[in-house]
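Note that my numbering has the sequence shown beginning at 6, numbered continuously upward.
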Amino acid sequence: MTMQARAVETRRAIVRAAADVFVAHGFAGASLSEIAARAGVTKGALYFHFPSKTALASAMIQAQQDANAQLENAVRAHDGDHLDLLESMTKGLAQRLVDDPTLRAAMRLAVERGEGRDEVISETYETWERLVADVAARARARGELAAHVDPAQLARFLVAAFTGLQTVSLVASGLDDLQGRVEGMWGLLRAGLSPARPS
6 MTMQARAVET RRAIVRAAAD VFVAHGFAGA SLSEIAARAG VTKGALYFHF
56 PSKTALASAM IQAQQDANAQ LENAVRAHDG DHLDLLESMT KGLAQRLVDD
106 PTLRAAMRLA VERGEGRDEV ISETYETWER LVADVAARAR ARGELAAHVD
156 PAQLARFLVA AFTGLQTVSL VASGLDDLQG RVEGMWGLLR AGLSPARPS
């Protein structure tokens, strides 16, 4: 293995270990010593790649921003029912949270660090709201969303509701029940969001 390939693998191992530690202990409780030990690297190697715990947290948040970019691409490419797209976006994100510890760490950090008005965190939530509002506006224009539903209000609600669902699910079941919670949310929402069908 070349030196560059080893450096890339070391960085990946550190990010994976940091994700596990941030999920388990949050930002304040995370220890760089524990992260280095879990990654199987020296603290010197950790500091070579990430000079601080904040830099490691930023790598987690970058994973969240990458997920946002993937969502934006999916939204642009979608030409079916946009209310279905909103539902599949939240279900897809829920599954990624279950499967990807780095994204799970990013979500935990977003909730924790959001208390202190972090610009990157704020931008992440604003991106989600903008995406959801855009999809909702298209759904309303196509008659897929009830005319009385304000797309921006729906976006604020869905982002906040999903954030709450994943936080409660993480605490209650380690995300084991997240998909069920998201299904339940959509079961309640569909009746109020769908336009009335002519009888």
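Backbone N, C-alpha and C fix where the C-beta goes; we use that ideal spot for every residue, glycine too.
In terms of Cβ geometry, residue 171 and residue 112 form a close pair [threshold 8 Å]. In the three-state reduction of the DSSP assignment, residue 162 falls in the helix class. For residue 104, the enclosing alpha helix (DSSP H) covers residues 87-104.
Per DSSP, the continuous alpha helix (DSSP H) segment holding residue 192 begins and ends at 183-198. Per DSSP, reduced to three states, the secondary structure at residue 56 is coil, with no helix or strand assignment.
Three or more beta-carbon pairs separated by less than 8 Å are not found between the region 124-134 and the region 186-196, which leaves the two stretches without contact. Here the region 7-18 makes no contact with the region 29-37; the two share fewer than three CB pairs at distances below 8 Å. Between residue 87 and residue 131, the C-beta spacing is not below 8 Å.
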